[in-house]
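One structure is given below, encoded as structure tokens.
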Amino acid sequence: MSEKNIFKLTNLVKRFTKGKETLSIFEDLNLSIKEGDFVAIMGPSGSGKTTLLNMLGGVDQPTSGEVEFDGKGIEKLSENQLAKWRASNVGFIFQFYNLMPMLNAHRNVELPLLLTQLKSKERSQRVETALELVGLKDRAKHMPGELSGGQQQRVAIARAVVSDPKLLLCDEPTGDLDRQTADEILEMLQLLNREFGKTIIMVTHDPSAAKFANRVLHLDKGKFVEKELSL
Amino acid sequence: MTDLFLVYKNLTRKKMRLFLTCFAIFIAFLIFGAVSALKGALDSGVEMSADNRLVVINKINFTQPLPFSYVNKVKALDGVKNVTHANWFGGYYQEPSKQLMTMAVEGATYFKVYDELTIEPENYTNWMKNQTGLLIGERIAEQYGWKVGDKIPISSNIFSHKDGGHTWQFTIQGIFKPLDQKTDTSYVILHYKYFKETQTFGGTSVGWLILTTQSPSLNEQVAKAIDANFVNSAAETKTSTEKAFNKAFIEQIGNIGLIIYGVVFMAFFTILIVVGNTMVLAVRERTKEIAVFKTLGFSSMRIFKMILTESFLLSFIGGLLGMVGAYLVVGGVSKGLAGILPNLLIGPNTWAQAIGYMLLLGFVTGIIPAINALRLNIVSAFSRA
Amino acid sequence: MNSFLSQSFAVIRMNLLSLPRRLWMSLAMIIASAVVVTILLAFLAMARGFEVTLKGAGSDDIAMFLRDGSAAELNSVLSKSQVDLIENAPGIAKDKTGVILSSELYVIVDGIKKTSQTAANIPLRGTSQTGIKMRQDFKLIKGRLFNTGTTEMIVGAGILRQFDGFELGKTIRFGKNKWQVVGVFSTGGNVFESELWSDYRVIQNLYNRGSSVQSIRAKLVEAGDIKQIKEYIKNDPRLNIDVETEADYFSAQGKSLNYMAIFGKVISSIMALGALAGALNTMYTSVADRSREIATLRTIGFSNSSAFVGTLFESLTLSALGGLLGALGAFLLFDGMSTSTLGGSFTQVVFSFELSQDLIVQGMKMALGIGLVSGFFPAWRAARMPVLTAFRTE
Chain A
13 MSEKNIFKLT NLVKRFTKGK ETLSIFEDLN LSIKEGDFVA IMGPSGSGKT
63 TLLNMLGGVD QPTSGEVEFD GKGIEKLSEN QLAKWRASNV GFIFQFYNLM
113 PMLNAHRNVE LPLLLTQLKS KERSQRVETA LELVGLKDRA KHMPGELSGG
163 QQQRVAIARA VVSDPKLLLC DEPTGDLDRQ TADEILEMLQ LLNREFGKTI
213 IMVTHDPSAA KFANRVLHLD KGKFVEKELS L
Chain B
577 MTDLFLVYKN LTRKKMRLFL TCFAIFIAFL IFGAVSALKG ALDSGVEMSA
627 DNRLVVINKI NFTQPLPFSY VNKVKALDGV KNVTHANWFG GYYQEPSKQL
677 MTMAVEGATY FKVYDELTIE PENYTNWMKN QTGLLIGERI AEQYGWKVGD
727 KIPISSNIFS HKDGGHTWQF TIQGIFKPLD QKTDTSYVIL HYKYFKETQT
777 FGGTSVGWLI LTTQSPSLNE QVAKAIDANF VNSAAETKTS TEKAFNKAFI
827 EQIGNIGLII YGVVFMAFFT ILIVVGNTMV LAVRERTKEI AVFKTLGFSS
877 MRIFKMILTE SFLLSFIGGL LGMVGAYLVV GGVSKGLAGI LPNLLIGPNT
927 WAQAIGYMLL LGFVTGIIPA INALRLNIVS AFSRA
Chain C
222 MNSFLSQSFA VIRMNLLSLP RRLWMSLAMI IASAVVVTIL LAFLAMARGF
272 EVTLKGAGSD DIAMFLRDGS AAELNSVLSK SQVDLIENAP GIAKDKTGVI
322 LSSELYVIVD GIKKTSQTAA NIPLRGTSQT GIKMRQDFKL IKGRLFNTGT
372 TEMIVGAGIL RQFDGFELGK TIRFGKNKWQ VVGVFSTGGN VFESELWSDY
422 RVIQNLYNRG SSVQSIRAKL VEAGDIKQIK EYIKNDPRLN IDVETEADYF
472 SAQGKSLNYM AIFGKVISSI MALGALAGAL NTMYTSVADR SREIATLRTI
522 GFSNSSAFVG TLFESLTLSA LGGLLGALGA FLLFDGMSTS TLGGSFTQVV
572 FSFELSQDLI VQGMKMALGI GLVSGFFPAW RAARMPVLTA FRTE
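Protein chains in written order, with the working numbering: chain A, 13 to 243; chain B, 577 to 961; chain C, 222 to 615.
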């Protein structure tokens, strides 16, 4: 873990307007995350953890305040610039895997590489490496429907890392899995954090999932209640 | 893997739906192709008219005769190149229902005026020598399988033969062929002189005159001169270009264009609704997937293009199949209908129009879901699903 | 059985109540069937209107004489001596002045069609007082009858609707001859209304017909009985004449627009296939949309046949709505619409689209056919949907 901040959130405000009502999620939220860290964000439903993850991932933008990534503000980028930024810097892992049902595992993993200049041969090599990493090399030709939940999530992890982003964002990555499979997935994330230096930010309900992180943040009603868990 | 592959995968994920939607488009273009061919066939007489050819008819109506003396009077006018004349014979072969378009003409001038028709010189000479000789168009020869030398009885539903009955015996002396295959040759011609001598009414009237002018620019002037020449006579004339004459004749049947465009428009409208709805639905089902694509970093414009490509692809698959279907159907029936509707074919114009409609259909059915996808907000898409 | 009915009703109710969820897909199906029905009915109404117009002109108690093989009045010619012979034929009715018989001429003149502003063929019929009396539905709407021996004419109401320049009081030129319009007549909507009438002797004179005529109409002693007359003609070699009742003559001519009905049936059947594809899409979507409900009902004990009936009923309802909408559309757009086309006698026949009840029934049959086929296969799928997978569908 380096001492450099990968994220620095300053005075972050996020409000939603729903009809005439304005719903406030964050008022003046501040947070720094170190490059190479594995952070779990916990909190009850409605605490704002998914909204925070969305803003960190550049799929949602704050009402005001700054989101600095690698020393550069991303909160003012246009939608297209954000899309490019996500493609080169962020890997996403979802609760329900979100694989494309009409594509096989190999092609699902290949998707983010369509956003690069890589030639088809190089892309295939990268996909194979990524699938090997998650232990699914022999399932490359399988359709998502033919894979178990754990296998699908591993394909999703391969997809998240295939373009070698610095940052992995995980939204309840084990929410749909049994304990044993969940632990396998979390160990894999730990491996990616330790061996490959990926910064991982994971939103979860599950305290035993949070244990795999280096740092756990508790979010409640839009405010952090920071307490280090003893590992 | 390319974007086109993704489009293809999206298109083919529900095989039944793809088949049904393509089939609906197929039907629309099948109707378009076949009905356009029908309209083209009806209009081909107008299209194939010569620029410098005029038709002189009795002002009362073209079924009323003109005096024979008009032929020479018209020939003497300035700007007139060649003049010939024709009489309607009301011909049929064996049964009154088997109509055979038959005209009594002046052989010496007929092919000068209709110079797009060719005939073997030897056959022509033989015909001119034989008063019971008959010349038949290439299409008639194909339709009935008649050859030079065949003896053919032709009956008239108007005239009676001097020897009793309504049937004349003819010998086929030649087959005339067109320079352009679209020119109608589904008729037969016999000698005017023989016709007049053998039918009971006698007389020397002709049905109508056909003439060519020195140049198309003289058409109006010549037409006016002819009509002025016979004003206040027993038989006043109405001279018009061959094109205008043919057009007016087609319009007698009714506003076929309106009927045809009505049918095609309704067919397209129906298909538009069916396909448009299906596209909207198909894309709405993929809301979450589109959100994932966007999250991964695919730009909105790229997704917009992919969806529009999908609808174009759909429109072209169905559309081209439909046009090929129409091509086969038209090819199949054109032989059988050669007698009634020659020139039943799908011309390059129809193909071009069809491609235009495919583009339009693809655009109209794809644009709404494509814009929906363009605007799709990742956060709300995920919270909806 | 009772339980099957009540189950089916429950499912039908649920399906119909869930329709707004699938509003656009359902509307697409309704509109597609409506368009198919409208097109079918437009062509059928056109052919029917034409047929009625011609058939209505023919009377069973009038014999019509034409030169043999001529098939239409236009082509026929009969000499004065032949007319004299026909006057002596048996079976023809008489009144105080002699046999009731009308010698008629039929020449074609040009009229300018309102819709296209181009010349079109209209018939100028030469007839007589006797001839006019023979048309049972004849009614003078305006003006008076033409006087014998003058170039006066009366004009059919259909001509006035479709052609320019034939209004009462107008002078019309055909070639160098001038005619005065002195009256407008109706014959109850049949083909005679598409004609101009004047004195046949004047036409004989102006059109160099000598003493010949083109057709003879004679009142029969007994309606439909032309046997004696046929026999009479057969035995006289001078009479190369065909005779049939006027009703038969016109009903044969009325068939000449049947190709329009055939064309309409073919084109709408092909379009129905396209609409069917759309309707199947709609119904498969409906089954997919309701899969959770169907599974729930199946789990609590509803039979699979009720799921089948419910789906089929939904598609029949949608297509029947489409059929009604299509029939209404055809009625509003086409019924009574006046138009004209070239009839069997090579002249314009003015007629109105006629959307009769039996045609509407044909349209509804087509709509329900679409509903039946497009409902059957999706209903089959609904009935066979296994309970478990249905629960897992999102």
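Every residue gets a Cβ at the ideal spot worked out from N, C-alpha and C, and that includes glycine. Bear in mind that the values here come from a model prediction, so they are computed numbers and not experimental data.
Looking at the backbone, the Cα of B:L920 and that of B:F825 are separated by about 18 Å. Sixteen is the threshold: when 16 or more other Cβ atoms of the shown chains lie within 10 Å of the Cβ of A:P185, as they do, the residue is buried. The C-beta distance from B:V859 to B:L937 rounds to 16 Å, too long to meet the 8 Å contact threshold. At least one beta carbon of chain A lies nearer than 9 Å to the beta carbon of B:R589. For B:I954, at least one C-beta of chain A is nearer than 9 Å to its own C-beta. Beta bridge pairing from DSSP links C:D385 with C:I333. With distances taken between CA atoms, C:A310 lies nearest to C:R438 out of C:G332, C:R438 and C:G396. Relative to the Cα of C:L501, the nearest Cα in the group B:E818, B:R593 and B:A804 belongs to B:R593. When the alpha-carbon of A:G157 is set against those of A:L130, A:Y109 and A:G234, the nearest one is in A:Y109. The beta-carbon of A:R135 is placed less than 9 Å from the nearest beta-carbon of chain B. A:E78 is a Cβ neighbour of A:E87, given a cutoff of 9 Å.
A residue is called buried when at least 16 other Cβ atoms come within 10 angstroms of its Cβ; C:Y421 meets this threshold and is buried. Separation of A:L127 and B:G873 (C-alpha to C-alpha, rounded to the nearest whole angstrom) is 7 Å. Going by DSSP, C:T506 is part of the alpha helix (DSSP H) stretching over N479 to D510.
The Cβ atoms of C:T466 and C:S291 do not sit closer than 9 Å to each other. Going by DSSP, B:G683 is part of the alpha helix (DSSP H) stretching over G683 to V689.
In terms of Cβ geometry, C:F271 and C:V570 form a close pair [threshold 9 Å].
A Cβ-Cβ distance of about 21 Å is found for the pair C:F413 and C:A314, leaving them out of contact under the 8 Å criterion.
Among the residues of chain C, none has a CB under 7 Å from the CB of B:N948; the nearest is roughly 13 Å distant. Runs of the beta strand (DSSP E) spanning 3 or more residues and lying entirely within the segment 535 to 582 of chain C occur at 559 to 563 and 569 to 573, in chain order.
Counted as a single uninterrupted DSSP element, the alpha helix (DSSP H) harbouring C:K451 occupies residues K448 to K455.
In this structure, B:N699 lies away from B:I765, with their beta-carbon atoms at least 9 Å apart. Interface annotation, A:T216: not in contact with chain B, CB-CB separation never under 9 Å. Between C:N342 and C:L478, the gap from beta carbon to beta carbon reaches 9 Å or more.
For C:G404, the enclosing beta strand (DSSP E) starts and ends at N398 to S407.
DSSP assignment within the segment 238 to 298 of chain C yields the following whole beta strand (DSSP E) runs of 3 residues or more, N-terminal first: 283 to 288. Among the residues facing chain A, B:T578 is included, as its CB has a counterpart in that chain under 9 Å away. Taking a cut-off of 8 Å on C-beta distances, the segment 937 to 951 of chain B does not touch the segment 495 to 510 of chain C, as fewer than three cross pairs fall below it. With a threshold of 16 other beta carbon atoms within 10 Å, B:G721 falls short and is exposed. With its beta carbon less than 9 Å from one in chain A, B:E865 belongs to the interface. For B:N663, none of the residues of chain C pass the 7 Å Cβ criterion, the least Cβ distance being about 14 Å.
Contact annotation: the segment 315 to 329 of chain C does not touch the segment 471 to 491 of chain C, with fewer than three C-beta pairs closer than 8 Å. Counting along the chain, C:I362 sits inside no alpha helix (DSSP H); it lies in the beta strand (DSSP E) bounded by residues K360 to G364. For the segment 759 to 775 of chain B, the set of residues with a beta-carbon nearer than 7 Å to any beta-carbon of chain A is empty. Annotation: C:E308 is outside any beta strand (DSSP E); the continuous alpha helix (DSSP H) that includes it extends over K301 to E308.
Considering only B:W703, B:L606, B:E718 and B:S625, the residue with the shortest C-alpha distance to B:K911 is B:E718.
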